[in-house]
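Chains as they are written, first to last, in full-length UniProt numbering: chain A, 1 to 323; chain B, 1 to 828.
No residue lacks a Cβ here, since even glycine has one placed at the ideal position from N, Cα and C.
None of the values given here were measured: they were computed from a predicted structure.
Working notes, beginning with the structure itself.
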Amino acid sequence: MPLAPGTSHTSDFAGRSWSEAWTEGRDTPGDCIPPSMVAPPSPPPPPPDPQFVLRGSRSAVHALHFCGGAQGQGHPLLLSGQGRDLRVHVWDLAEGRNAIVDSVCLESVGFCRGSVLACGPQRWMLAMPGKGGDEVQILEMPSKTSVCSLKPEAEARPGMPMCLQLWQADSSPLPLLLAGYEDGSVALWDVSARKVCSRVACHEEPVMGLDFDSQKARGVSGSAEKALAVWSLDEQRALQVHGTHQLTNPGVADVRIRPDRRLLATAGWDHRIRVFHWRTMKPLAVLAFHSAAVHCLAFATDGLLAAGSGDQRISVWSLYPRM
Amino acid sequence: MKSRGMDPVLSTVRLTVREAVHTLSSSEDGGCIFSTLGSLKRYLGETENPALPEEQEEFARIHFSTFLRCLVGKLSPDWLELLPDGQLEELWASFFLEGPADQAFLVLMEAIEGAASPSFRLMKMARLLARFLSAGRMAAVMEGQCRQQTEPAFSLLQETLLSKVVGLPDHLGNRLQRENLAGFFPQNYFPLLGEELLQALQVVVESLRGGLDCSVSFLSQVLGKACVHGRQKELLGVLVPRLTALTQGSCLWQRVCWRLVERVPDRAMEAVLTGLVEAASGPEVLSWLLGNLVMKSKKAQFVMTQKLLFLQYRYTTPVLRSLLGYLAMDSQRRPLLIQALKELLETWGSSSAIRRAPLAQQHYISKAILVCLAHLGEAELQDCRDELLASLMAGVQSHLDSSLPSVRRLGMIVAEVASAQIHPEGPPLRFQYEEDELTRELLALATPQPAADSPSEAGPPVAPLTAETPNEEMVSSGGPQAQPEGSDSELDSDDEFVPYDMSGDTELRSSKAPVYVRDCVEALTTSENWERWEATLRALEGLIFRSPAATQEVSVELAKVLLHLEEKTGVAGFEGLRQRALVAVTVTDPVAEYLTTQFYALNYSLRQRMDILDVLTLAAQELSRPGRRQKPPQRGPPGPGPQPGSPATPAWRAVVEERIRSKTRRVSKGSAGQGPAADPNKFNSVAGYFFFPLIQLFDRPLVTFDLLGDDQLVLGRLVHTLGALMYLSVNTMVAVPMGKALLEFVWALRFHGDIYVRQGLLSAVSSVLLSVPAERLLADLPDELLEAQSWLADVAQKDPDEDCRTLAIKALLLLEKLRDKLLPPPPP
Numbered sequence: 001m002p003l004a005p006g007t008s009h010t011s012d013f014a015g016r017s018w019s020e021a022w023t024e025g026r027d028t029p030g031d032c033i034p035p036s037m038v039a040p041p042s043p044p045p046p047p048p049d050p051q052f053v054l055r056g057s058r059s060a061v062h063a064l065h066f067c068g069g070a071q072g073q074g075h076p077l078l079l080s081g082q083g084r085d086l087r088v089h090v091w092d093l094a095e096g097r098n099a100i101v102d103s104v105c106l107e108s109v110g111f112c113r114g115s116v117l118a119c120g121p122q123r124w125m126l127a128m129p130g131k132g133g134d135e136v137q138i139l140e141m142p143s144k145t146s147v148c149s150l151k152p153e154a155e156a157r158p159g160m161p162m163c164l165q166l167w168q169a170d171s172s173p174l175p176l177l178l179a180g181y182e183d184g185s186v187a188l189w190d191v192s193a194r195k196v197c198s199r200v201a202c203h204e205e206p207v208m209g210l211d212f213d214s215q216k217a218r219g220v221s222g223s224a225e226k227a228l229a230v231w232s233l234d235e236q237r238a239l240q241v242h243g244t245h246q247l248t249n250p251g252v253a254d255v256r257i258r259p260d261r262r263l264l265a266t267a268g269w270d271h272r273i274r275v276f277h278w279r280t281m282k283p284l285a286v287l288a289f290h291s292a293a294v295h296c297l298a299f300a301t302d303g304l305l306a307a308g309s310g311d312q313r314i315s316v317w318s319l320y321p322r323m
Numbered sequence: 001m002k003s004r005g006m007d008p009v010l011s012t013v014r015l016t017v018r019e020a021v022h023t024l025s026s027s028e029d030g031g032c033i034f035s036t037l038g039s040l041k042r043y044l045g046e047t048e049n050p051a052l053p054e055e056q057e058e059f060a061r062i063h064f065s066t067f068l069r070c071l072v073g074k075l076s077p078d079w080l081e082l083l084p085d086g087q088l089e090e091l092w093a094s095f096f097l098e099g100p101a102d103q104a105f106l107v108l109m110e111a112i113e114g115a116a117s118p119s120f121r122l123m124k125m126a127r128l129l130a131r132f133l134s135a136g137r138m139a140a141v142m143e144g145q146c147r148q149q150t151e152p153a154f155s156l157l158q159e160t161l162l163s164k165v166v167g168l169p170d171h172l173g174n175r176l177q178r179e180n181l182a183g184f185f186p187q188n189y190f191p192l193l194g195e196e197l198l199q200a201l202q203v204v205v206e207s208l209r210g211g212l213d214c215s216v217s218f219l220s221q222v223l224g225k226a227c228v229h230g231r232q233k234e235l236l237g238v239l240v241p242r243l244t245a246l247t248q249g250s251c252l253w254q255r256v257c258w259r260l261v262e263r264v265p266d267r268a269m270e271a272v273l274t275g276l277v278e279a280a281s282g283p284e285v286l287s288w289l290l291g292n293l294v295m296k297s298k299k300a301q302f303v304m305t306q307k308l309l310f311l312q313y314r315y316t317t318p319v320l321r322s323l324l325g326y327l328a329m330d331s332q333r334r335p336l337l338i339q340a341l342k343e344l345l346e347t348w349g350s351s352s353a354i355r356r357a358p359l360a361q362q363h364y365i366s367k368a369i370l371v372c373l374a375h376l377g378e379a380e381l382q383d384c385r386d387e388l389l390a391s392l393m394a395g396v397q398s399h400l401d402s403s404l405p406s407v408r409r410l411g412m413i414v415a416e417v418a419s420a421q422i423h424p425e426g427p428p429l430r431f432q433y434e435e436d437e438l439t440r441e442l443l444a445l446a447t448p449q450p451a452a453d454s455p456s457e458a459g460p461p462v463a464p465l466t467a468e469t470p471n472e473e474m475v476s477s478g479g480p481q482a483q484p485e486g487s488d489s490e491l492d493s494d495d496e497f498v499p500y501d502m503s504g505d506t507e508l509r510s511s512k513a514p515v516y517v518r519d520c521v522e523a524l525t526t527s528e529n530w531e532r533w534e535a536t537l538r539a540l541e542g543l544i545f546r547s548p549a550a551t552q553e554v555s556v557e558l559a560k561v562l563l564h565l566e567e568k569t570g571v572a573g574f575e576g577l578r579q580r581a582l583v584a585v586t587v588t589d590p591v592a593e594y595l596t597t598q599f600y601a602l603n604y605s606l607r608q609r610m611d612i613l614d615v616l617t618l619a620a621q622e623l624s625r626p627g628r629r630q631k632p633p634q635r636g637p638p639g640p641g642p643q644p645g646s647p648a649t650p651a652w653r654a655v656v657e658e659r660i661r662s663k664t665r666r667v668s669k670g671s672a673g674q675g676p677a678a679d680p681n682k683f684n685s686v687a688g689y690f691f692f693p694l695i696q697l698f699d700r701p702l703v704t705f706d707l708l709g710d711d712q713l714v715l716g717r718l719v720h721t722l723g724a725l726m727y728l729s730v731n732t733m734v735a736v737p738m739g740k741a742l743l744e745f746v747w748a749l750r751f752h753g754d755i756y757v758r759q760g761l762l763s764a765v766s767s768v769l770l771s772v773p774a775e776r777l778l779a780d781l782p783d784e785l786l787e788a789q790s791w792l793a794d795v796a797q798k799d800p801d802e803d804c805r806t807l808a809i810k811a812l813l814l815l816e817k818l819r820d821k822l823l824p825p826p827p828p
């Protein structure tokens, strides 16, 4: 079921190896060269090249996900992001399969990707845009039962949700949802209470991507404008903007923090991937490889970075490998 | 008076004095003289058995001066030594120090003037005068005059006294020459006089408290005369701070002080008032010291509202503030302030004043306007709003027409502040100007002083903000931004994260620039794709330098396109890009002929004409730059402006040369710096095309373009350009005819009214002197040089603009040097 370019979805693959990026075209990944741990060269090093490039998706890559880990566990699943067919599919990737197991019908058309949170063995919580343009719908998977629908207060008028992230605080099992909206604000929802804990205006333009570091209670968001916003969450669950970071060109499609919380990568409409030191926001690298806007990023648990672009290629980078 | 002869008391006095004088003149016996003098001392009072009051008065009125003159006459070393230990001298001096001060002072001065110089008597008398002064007797002199009722008989005495009191340092200086005592130096004497004046005033105040009549007119005259002599600083520096303290608390003191200034003669009023305004620390002080003087005295009003505002402009801003603040402080004086503002605005707006008044004066008047506005309330301004607005608008117009940037800026600032005040409900006027020291000072003036307790609370005028500088768009160098404090305890060494080279992170351009020069013409004229248009513009300069041959084919066409190019989109640095491209074309294939003809063509805007001039100058500069050939032909497309290229000598050669230099001993060290390699001036072959077409047609007005009329800004630019071209054509063949033409041109325009044009003419003369070989100058242009010299000397002295004067002096110095070089002074 190839999706037409220009749509977005996320796929989750039960991989054979540590890194396997899938594309919408469901071509098998190209030559998978194991990453060699190259130490960063001494200063001033020239910009690095990609570790390898995955070609052949035959359409723009809109979502990426490393699926790793426990071999043979047979996590099926994953999904989300909706194609133009207004469906979110559940895939079975175990043992190299790639079959659609189930699908959920959507009630809105938008650019928003869904977000998935594992709540237990074989149970997931799925957040995706709901009906009415400004709602977020929470489903329990795989039963597809609707848990609730998060509708902003009438006077808030944040516009459509543009990006979602479900997470759980270490202290409590209650799921929380960070949602970036069309008006440039980021809101924190308490899913079980169905209310907004905090909302903060980070951007002038729609929020295109966000990521959150729950350990440092700090998150970052990118929008159509020229700046990244860094914000934090205090004990009272209030969001505060810490600062903005100017970029050379406008448009950030996605932001990702590396699982070890030391690097931040952004996918730019200017075809470039930018890498920052997450704690200090010091710019570290500008990766210019793609010839079209970069749409999505994914970090593997071992630190490998994959970027999918409108030029139908996926580049894989090994930067600042973890010691 | 006829009773005097019969009065026994008076005749006793006369007899005693006559006897004493006789004894003094004849006796050589010290004891006898001593006792005679002692007996006369009774008449001065202050002894055990003083004489009767009538006797004392008679002695003081009739006999004291005569007696003192006699004492002066006896003064000699032998006479003083008749008694040991200087007893006689002490007694002798006591008559001068204790007797009626005015007479004693006059006799002392008379004796000093009469004494031969240098002599024992002169020095003795001078020392005595110094003692007289240090004993505070001058206060007594002045007090005496205050008590006198002004009778016509006294006026002569007062006149004499006045000239002696004020002229003391001059008299003493003349008499004593090098032996002058420190106490008589003006810088010491006038502060002392200030103290004594204050003492006398104190007495006046005391006696007024006691109900006695007093007149301060003598004190006023002293004050006036001292100020006319230019001693405001010394005298008022002492007087004003003390008077400030005294008048602050006491109405009586204030009234005495007002009277003091009021009685100053008209001819001295200006000197006194300017001194007071400068010495006073603020408007309140002035108000205490002067009261409503400006309402009572016409002369004072003229000085305060005309002279200090319009005719002089050397005063500092605080002085201006206290002057105008003084006018604003009292409701009776406020009409004067409004009147002053009207006249100030009128002067400010007059186009002839803008053209002729020195810049410093224009600043001064602008400052005064802003201070006035800060003091005046809205209601007061309403009444004369139309009038004020009319002169303001005219003034803004003429300021913006000026060719001097600082005058234009002055116009903008005053217009912004004044329009916000005069017409607060209207849309605010906003200009864009660069902020500097001066603008900040001016804007600060527009806000009322916090301490000023002016009766009307003028609303704070809207201080215009200039456009904020846009944020740096580059990625910041990455300081710790948004770093949660101390939240990071992990041992995270940042060293391992060495940043990669990020220089390639430039703004993304989606459109490809043309690769051939010929395509650029098409892209710039027809392209609707603005991205391509912009990319073309950015790439053009580099393309032209890379492919000179291709450029030559289309050079005129390209120049035409570039000249007519308009900014369609908000391209950053459009003007610079276009100018650099034009310069590149002009350098590669001199299209100067085309540009110079276009300069005088119809249907160009002033902006385009000035662009032509700029391009010609820059291209000439580029062409005449030595070492141009060695420059690598390739240069980065968006490269910076032309830079002096240094010939790239290989590293090994530098090392070898350095070694040779260190091993070689040079007998004569000439100019050690080795300049760039000698190279013919490339400008040589084309300088004429640049220069002569420009200079030929300046006096032929077109319908749209009149250099000698309204378009004097362009004329100024033209003159500067011609000067620059002249300067750049140094060492060229054509320099001599160019210099001749330029001197003629300068001669024709030498009395131009615009300062910017005159500045250009003066620098053009300097460049002629620098560029034309000295021998040729004297051989071919001797008359022109002579004429220029007299003109320069005239400008250096009389031009109202300071820069013009400086430029003229520089040119004169060049001329001087030239003459010295050619005509070595004959050996003595």
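For residue i, count the other beta carbons within 10 Å of its own beta carbon; 16 or more makes it buried, fewer makes it exposed. Which is it?
i	result
B/L337	buried
A/M160	buried
B/K367	buried
A/G219	buried
Go through its chain and collect everything with a Cβ distance to residue i's Cβ below 6 Å, but skip five positions before and after it.
i	result
B/T244	V285
B/T617	T721, A724
A/R256	D211, A265, L297, F299
B/A130	L181, G183
In terms of DSSP beta bridges, what is residue i paired with?
i	result
A/T145	A/E140
A/P45	Partner(s): none; A/P45 has no beta bridge.
A/Y181	A/P161
A/I257	A/L264
A/A187	A/A179, A/R199
With a threshold of 7 Å on Cβ separation, who are the neighbours of residue i within its own chain once the five nearest residues in sequence on each side are excluded?
i	result
B/A735	S729, S771, V772
B/I365	L344, T347, W348
B/E89	L80
B/N684	T732, M733
A/A118	W124
Could you give the residue range of the beta strand (DSSP E) that holds residue i?
i	result
B/Y313	Unbroken run through B/Y313: none, as it is neither H nor E.
A/R87	87–92
A/T244	239–246
A/V101	99–105
By the criterion of Cβ-Cβ separation under 8 Å, what are the contact partners of residue i in chain D?
i	result
A/L304	In summary, chain D is missing from the structure at hand, where the protein chains are A and B.
Tell me which residue opens and which closes the alpha helix (DSSP H) that residue i is part of.
i	result
B/T244	232–249
B/I422	405–422
B/H564	548–564
Query raised in the report: In chain order, which continuous runs of the alpha helix (DSSP H) of length 4 or greater are located wholly inside the stretch 271–299 of chain B?
Result: Uninterrupted alpha helix (DSSP H) stretches at least 4 residues long and entirely within the stretch 271–299 of chain B occur at 283–290, 293–296, given in chain order.
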